[in-house]
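One structure is given below, encoded as structure tokens.
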């Protein structure tokens with residue numbers, strides 16, 4: 412059990428004991444002494460609760476701090492209808508929360524969930540849960556939910572910076588390699604790898620300077636990024652080399668994608684004297700497991716063969 416979970420258990424038990432004493436109206440001196448302590452404990456910003464899950468869901472205690480986070484009257488609504496808690500959850504977090512109340516969760520570890528506030532925004536929480544058993548069956552849960560929205564946003568920003576190429580705004584080589592490994596070892600999918608390499612970027616840098624070369628890189632990045640989606644991961648893996656990792660497309664759809672890329676490049680070049688010249692190579696397989704490195708090498712070879720043809724055409 413984590414330190415935060417132990418702390419929440421102690422806090423809730425203190426609250427229950429204090430409230431029991433106050434409700435029974437014992438010695439006035441004790442009441443006067445305990446009221447400030449109760450006020451201090453109940454003003455903790457974390458959402459704390461002690462709720463039965465059997466025979467039905469029922470809060471023995473719920474902190475009113477839930478109103479601060481999720482909006483006015485949430486406390487009253489939850490006390491009246493505890494099962495409505497699931498309505499606040501992000502759809503992707505429903506499964507773990509159902510596991511929590513069913514006794515199927517590993518309670519030794521915190522869970523990350525998102526709750527929707529009255530404005531419709533989802534907020535990240537870290538939840539520590541302690542199960543209470545009766546006759547060998549899960550009877551109740553004691554828990555604390557801590558708002559980790561700012562921490563989560565910062566983490567996502569750091570992950571984004573770690574995975575994104577700063578010049579192009581595309582994913583970087585490390586992210587591309589991680590996805591390659593995933594589809595090579597973990598998830599089997601129809602996959603295509605498209606490799607694109609800028610022609611004569613070094614010559615452009617030598618003749619017109621690196622600033623002009625950077626313009627070409629950024630322009631090519633913008634063109635490729637038009638095709639970015641959940642199924643098309645666009646990366647810049649080198650100075651002049653780009654990749655599109657395409658999953659769950661059939662062969663016909665991949666061919667269409669290649670045609671669209673070529674069309675967009677030609678459309679741009681028709682409007683400017685500073686053209687973007689790219690050699691492309693593409694390979695496709697209906698299965699990705701154990702094949703990703705080979706597919707990349709084949710796409711790379713096709714791309715370089717195209718690049719050599721372009722060079723030969725210059726001297727015809």
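Numbering (my numbering), first residue to last: 412 to 727. For every residue, glycine included, the Cβ atom is placed at its ideal position computed from N, Cα and C.
Around the Cβ of residue i, are there at least 16 other Cβ atoms within 10 angstroms (buried) or fewer (exposed)?
i: residue 439; result: Here residue 439 scores only 48 on pLDDT, less than 50, and its place in the model is too uncertain to base an answer on.
i: residue 489; result: buried
i: residue 538; result: buried
i: residue 551; result: buried
i: residue 466; result: exposed
i: residue 582; result: buried
i: residue 624; result: buried
i: residue 716; result: exposed
i: residue 499; result: buried
i: residue 681; result: exposed
i: residue 685; result: exposed
i: residue 714; result: buried
i: residue 580; result: exposed
Starting from the Cα of residue i, find the closest Cα among the options and give me that residue.
i: residue 536; options: 711, 559 and 616; result: 559
i: residue 652; options: 471, 612 and 662; result: 612
i: residue 547; options: 514, 720, 713 and 553; result: 514
i: residue 495; options: 566, 470, 519 and 599; result: 470
i: residue 655; options: 586, 698, 614 and 617; result: 586
i: residue 492; options: 641, 463, 530 and 675; result: 463
i: residue 659; options: 502, 709, 650 and 643; result: 643
i: residue 676; options: 692, 667, 633 and 714; result: 633
What are the boundary residues of the beta strand (DSSP E) that residue i is part of?
i: residue 504; result: Element bounds for residue 504: n/a, residue is neither H nor E.
i: residue 536; result: 533–545
i: residue 518; result: That residue, residue 518, is in no beta strand (DSSP E); it is neither H nor E in DSSP.
i: residue 603; result: 602–609
i: residue 462; result: 458–463
With distances taken between CB atoms, is the gap from residue i to residue j smaller than 7 Å?
i: residue 665; j: residue 695; result: yes
i: residue 606; j: residue 711; result: yes
i: residue 595; j: residue 703; result: yes
i: residue 557; j: residue 478; result: no
i: residue 631; j: residue 687; result: yes
i: residue 525; j: residue 518; result: no
i: residue 486; j: residue 472; result: no
i: residue 511; j: residue 540; result: yes
With H, G and I counted as helix, E and B as strand and the rest as coil, what does DSSP make of residue i?
i: residue 713; result: helix
i: residue 438; result: With a pLDDT of 45 at residue 438, under the threshold of 50, the modelled position of this residue cannot be trusted; read the value that follows with caution. Reduced to three states, the DSSP call for residue 438 is coil.
i: residue 472; result: strand
i: residue 633; result: helix
i: residue 650; result: coil
i: residue 490; result: helix
i: residue 580; result: coil
i: residue 690; result: strand
i: residue 550; result: strand
i: residue 684; result: coil
List the endpoints of the continuous alpha helix (DSSP H) containing residue i.
i: residue 664; result: 662–680
i: residue 697; result: Careful: residue 697 lies outside any alpha helix (DSSP H) and carries neither H nor E.
i: residue 646; result: Taken as a continuous stretch (DSSP letters only), residue 646 belongs to no alpha helix (DSSP H), being part of the beta strand (DSSP E) at 643–647.
i: residue 480; result: 477–481
i: residue 617; result: 612–619
i: residue 592; result: 584–596
i: residue 525; result: No alpha helix (DSSP H) contains residue 525, which is instead part of the beta strand (DSSP E) from 522–527.
i: residue 563; result: 560–574
Would residue i count as contacting chain B if we go by Cβ distances under 7 Å?
i: residue 576; result: Of the chains in the structure shown, none is chain B; there is only one protein chain.
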